[in-house]
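Read the structure below first, then the notes.
Numbering (my numbering), first residue to last: 9 to 142.
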């Protein structure tokens, strides 16, 4: 079940206060909707998964919000399973959820690093640091 692409439809980054002291950053991503999509690839059907990513900086110094969508393709039977489970429980099957979320988190965290830098927010991820030894 390949993820064909991830498109952002809305990006908002805001720094509300000067940065000082210890900062906690809470990242969250949620699937907001799953719909049948009118795209076929090599006989496979597709669904569109809409999502919302948030990075909240505490104490209340800023936030980053990204909304978007991704397209996945698979056999019709598997996509019907996905759509039925979404309609019933508002959840994705575990195997689909892990693959989609990993792709979304990677792309959203990279974008959050870029837009956060533009408004003066710290990185949403711990960056590697070099330590020298004597």
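Note that beta-carbon positions come from the ideal geometry of N, C-alpha and C, so glycine has one too.
request  = Would you identify the three-state DSSP class for residue 70, choosing helix, strand or coil?
outcome  = Looking at residue 70 - three-state DSSP - the assignment turns out to be strand.
inquiry  = Within 10 Å of its beta-carbon, does residue 115 have 16 or more other beta-carbons around it, so buried, or fewer, so exposed?
reply    = buried
inquiry  = Tell me the residue span of the beta strand (DSSP E) that contains residue 17.
reply    = 11-23
request  = Taking 8 Å as the cut-off, decide whether the C-beta atoms of residue 132 and residue 63 are in contact.
outcome  = yes
ask   = In whole angstroms, what is the alpha-carbon distance linking residue 134 and residue 58?
value = 27 Å
query = Should residue 128 be labelled buried (16 or more other beta-carbon atoms within 10 Å of its own) or exposed?
reply = Under this definition residue 128 is an exposed residue.
message = Less than 8 Å between the C-beta atoms of residue 25 and residue 69, yes or no?
response = A Cβ-Cβ contact shorter than 8 Å links residue 25 with residue 69.
message = Assuming residue 44 and residue 91 are in contact, meaning their beta carbons sit under 8 Å apart, how far apart are those beta carbons, in whole angstroms?
response = 6 Å
message = Taking a contact to mean a Cβ-Cβ separation below 8 Å, would you say residue 111 touches residue 81 in this structure?
response = With contacts defined by Cβ atoms closer than 8 Å, residue 111 and residue 81 do not form a contacting pair.
message = Only counting the same chain, and skipping five residues up and downstream in sequence, which positions put a Cβ closer than 7 Å to that of residue 65?
response = 31, 33, 71 and 129
query = Can the beta-carbon of residue 119 be found less than 8 Å from the beta-carbon of residue 74?
reply = yes
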